[in-house]
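Below: one structure, written as structure tokens.
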Amino acid sequence: MKYLYYAGLVALMVLFCLPAGVSAATTDTVVVSGSIGGSLSVDVTPDAGVSWGAMSGTKTDLTSADLTVVTTYPAWHVDAADAKTTNKGYMVDATAGKLTNAFHISNNGGSVWTAMTGSLNNFAQKTTAGAGTWPFDIGLQQVISGTDPAGSNYQITVTFTGAAS
Amino acid sequence: MQYNTRTGFSLIIGFLLILSLAVFPVAAVKVEGAKIMLDVKPGTNYIFPMAISTKPDDTPADYAIEVYGFGQSSDGGSYSPLFAADDAGACSARGMVVVESSLIHIDPGQRKAFNATIRVPANVGDGGRYAIIHIHPASAGNQQTGFATAIIVPVMLTVKDSKLIETGIITGVDVGEIVAGKPITVSTTLKNTGNHHYYGVVNQVAVTDPAGKSVATVIANALPNAVIPGQSVTFVAPVSKPLSVGVYTVKSTMMLESGTVLGTSSTSIAVKEAYIPPFTESGKKISPDNQATLMVPEGTITISFPQGAVLSDTMVTVKPYTGTLPVLPPGATAGTTAFAVDGLSGLLAKDATVTVKYTRMDLDAAKGDISKLVLGRYDRSENHWTFLPTTVDNNAMTLTATTNRFSTWAVIAEDKTQAAPQAAEGLTAKSPGPDALLVSGLTILVMMARKVKE
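If you're matching them up, the sequences are chains A and B in order. 33 is the number that our numbering gives to position 25 of the first sequence; each next residue is one higher, with no gaps. 261 is the number that our numbering gives to position 238 of the second sequence; each next residue is one higher, with no gaps.
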């Protein structure tokens, strides 16, 4: 019994000492790598989002929100979209419904605005030599129509999705 | 009273407890092992280690980890999840990829490791197999304008020692509207008809005149994303060469960087009036000590800065504005000439003079009435148009205005019978006009007079 116990302990120690690289076992299972290679981090600030208070006129914000990509991959892209399917791209209040005009974002300081009814593909992109830390400004815009009902809680969440190319 | 106080405290504690337990989408996520690209052997399982983490100052979050088919947006070829119903291709690896958990809870600053297991069937067949692991917030946000972050992990498997087919077909070549001052966009859609992905696809567009002579060749940058079997990606090439009236042939050739041609396709375009391409983007360093003139090579836009206009050396660039202009006020119509001036963040110390050559299409926007043409400036930060007092030179076909700031500019046809947003430089929609100031001044005088009388 004691012999079996020690044998098991030795076997466990041998297992722990196995090299962490690619290893094929007899079960035809391959552990690809003991350490994880590339990483991709997508960070949008401020974490609490942007609050515009009372909604009237045209709300534009070119300075509050920032995207930072930190990665080891040389080529990557980040797309921006409203993930919801109903009223996609619109600020919605549970009681008052959606605003007349779609929410827009810009990746070039407000020169061009893209409605979030679709997605802004390649909001940020690096095609070569993209490993590193990359900051980007996010422009936000909402035009409020005179016919929009008063609502105290119009909301939208824009999702920034990163992918290594 | 004691009951009320106790109830109040209970409610506050309950609310704080709920807040502490609440899970919101986090605006920062890091994924290690964010791309799975492997040569795989039939009948073998692969374990690919991954990890997800957030920052120490993030809120707790639940992330969903789901396996989808490999989709691509036609616009730029971005990778996107493909639902099972749309993922019927022979090259799908959706059924081969399993993640340990479909939901991971992350506490602030926490890192959680997990494995993606890829089971390659013995009879997997030839070529590549593709799937996407989508890591995204499991809950919706509740901020007025909130942010969430997600990661798409492309899974690209190549079956070892199998026959790889890298072929494609052009399914369409479309030429956009031909407008003076805007590039002609040629959109070519390529579908991967093979069984393996390829990187670095290049679109070459050649324009030939009716006599077969080449008038323009555009080679777009190589696509950084792979084109996946079964997926279609549209490549847009801008053509910016002058074209005289006639019928032209536009030939698009899609090729790999190695030179292998995937497909060619042609279409014809009719140019009904001479096409003037957009001007060339130009820049100039402006110094405080000297007068300077920034003129585009085509001579269509000139900006003159007097000595002392800037306080320090500043690089100013002018480039064509090719996007959709912000909504104009009622009664105003945009011509086709639009441009952006960048590099100056504040106001000029002395006004610059902007001179723009208007086109026949600008004049068309004014229905031929040259007196309606003005230079319009859209202030991005203040979010409104200002129509500047503009001098029109009929003979030189130019519009001239002075300004102390730059942003997006356009030639505008203004119907002066309707209320204009602003008629004078320096006045904004929010500023009181001269009449308002006069009325305010008189009111104050009357009030002061009454006070003296009392």
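All C-beta atoms, glycine included, are put in the ideal place defined by N, C-alpha and C.
Contact check, residue i vs residue j, beta carbons under 8 Å
i                      : j                      : result
residue 73 of chain A  : residue 50 of chain A  : no
residue 104 of chain A : residue 102 of chain B : no
residue 65 of chain B  : residue 144 of chain B : yes
residue 75 of chain B  : residue 135 of chain B : yes
residue 430 of chain B : residue 402 of chain B : yes
residue 90 of chain A  : residue 124 of chain A : yes
residue 396 of chain B : residue 424 of chain B : no
residue 259 of chain B : residue 194 of chain B : no
residue 299 of chain B : residue 332 of chain B : no
residue 267 of chain B : residue 293 of chain B : no
residue 408 of chain B : residue 352 of chain B : yes
residue 180 of chain A : residue 152 of chain A : Beyond the ends of chain A as shown, which are 9 and 173, falls residue 180 of chain A; an answer cannot be given.
residue 59 of chain B  : residue 37 of chain A  : no
residue 122 of chain B : residue 141 of chain B : no
residue 274 of chain B : residue 229 of chain B : yes
With 16 other Cβ atoms within 10 Å as the buried cut-off, status of residue i
i                      : result
residue 453 of chain B : Annotation note: pLDDT 31 at residue 453 of chain B (below 50); position unreliable, coordinate value reported separately. Result: exposed.
residue 301 of chain B : buried
residue 385 of chain B : buried
residue 242 of chain B : exposed
residue 343 of chain B : buried
residue 167 of chain A : buried
residue 338 of chain B : exposed
residue 111 of chain A : buried
residue 362 of chain B : buried
residue 314 of chain B : exposed
residue 159 of chain B : buried
residue 61 of chain A  : exposed
residue 77 of chain B  : buried
residue 334 of chain B : exposed
residue 252 of chain B : buried
residue 107 of chain B : exposed
residue 215 of chain B : buried
residue 67 of chain A  : buried
residue 218 of chain B : buried
residue 244 of chain B : exposed
residue 437 of chain B : buried
Contact list for residue i against chain B, beta-carbon separation under 9 Å
i                      : result
residue 108 of chain A : Per Cβ cutoff of 9 Å: no residues; residue 108 of chain A is ~13 Å from chain B at best.
residue 170 of chain A : 52, 54, 57, 172, 173, 174, 175
residue 3 of chain A   : The structure shown does not extend to residue 3 of chain A, since chain A spans only 9 to 173, so no value can be given for it.
residue 68 of chain A  : 403, 404, 405, 406
Contact list for residue i against chain A, beta-carbon separation under 9 Å
i                      : result
residue 152 of chain B : Under the 9 Å cutoff, chain A gives no residues; its nearest Cβ is about 15 Å from residue 152 of chain B.
residue 334 of chain B : The contacting residues do not exist; residue 334 of chain B stays about 21 Å from chain A at best.
residue 257 of chain B : Ordered by position in chain A, no residue passes the 9 Å Cβ test against residue 257 of chain B, which lies about 11 Å from the chain.
Chain A residues whose Cβ lies nearer than 7 Å to that of residue i
i                      : result
residue 203 of chain B : Within chain A, no residue comes near residue 203 of chain B; the closest Cβ sits about 20 Å away, beyond 7 Å.
residue 363 of chain B : 119
residue 360 of chain B : Result: empty, since nearest Cβ-Cβ is about 16 Å, beyond 7 Å.
residue 431 of chain B : 119
residue 346 of chain B : 119, 120
residue 71 of chain B  : 40
Within chain B, the residues that residue i reaches when beta carbons sit closer than 8 Å
i                      : result
residue 60 of chain A  : 167, 168
residue 129 of chain A : 96, 98, 99, 101
residue 159 of chain A : None at all; the shortest Cβ gap to chain B is about 11 Å.
Proximal chain A residues relative to residue i, where beta-carbon distance stays under 8 Å
i                     : result
residue 81 of chain B : 55
residue 61 of chain B : 40
residue 68 of chain B : 35, 36, 37, 38
Proximal residues of chain B, C-beta to C-beta of residue i below 7 Å
i                      : result
residue 83 of chain A  : 247
residue 140 of chain A : Simply none; closest approach about 15 Å.
residue 47 of chain A  : 53, 54, 55, 57
Closer than 7 Å: residue i CB and nearest the ligand NAD heavy atom
i                     : result
residue 88 of chain A : Ligands are entirely absent from the displayed structure, and the ligand NAD is therefore not among its contents.
Residues within the region 280–296 of chain B neighbouring chain A, beta-carbon criterion of under 7 Å: none
Which whole runs of the beta strand (DSSP E) in the region 235–308 of chain B are 3 residues long or more, in chain order? 237–242, 255–262, 269–278, 284–294
Against chain B: residues of the region 89–107 of chain A by CB proximity under 9 Å: 91, 92, 99
Contact residues within the region 403–415 of chain B, judged by C-beta distance below 7 Å to chain A: 403, 404, 406
Runs of alpha helix (DSSP H) wholly within the region 156–203 of chain B (minimum 4 residues, chain order): none
Give me the subset of the region 292–325 of chain B whose CB atoms are less than 8 Å from a CB atom of chain A, sorted by chain position. none
What are the uninterrupted segments assigned as beta strand (DSSP E) that are 3 or more residues long and contained completely in the region 36–124 of chain A, given in chain order? 37–39, 47–53, 66–79, 84–90, 111–114
Which full runs of the alpha helix (DSSP H) of 4+ residues lie inside the region 372–407 of chain B, going along the chain? 383–388
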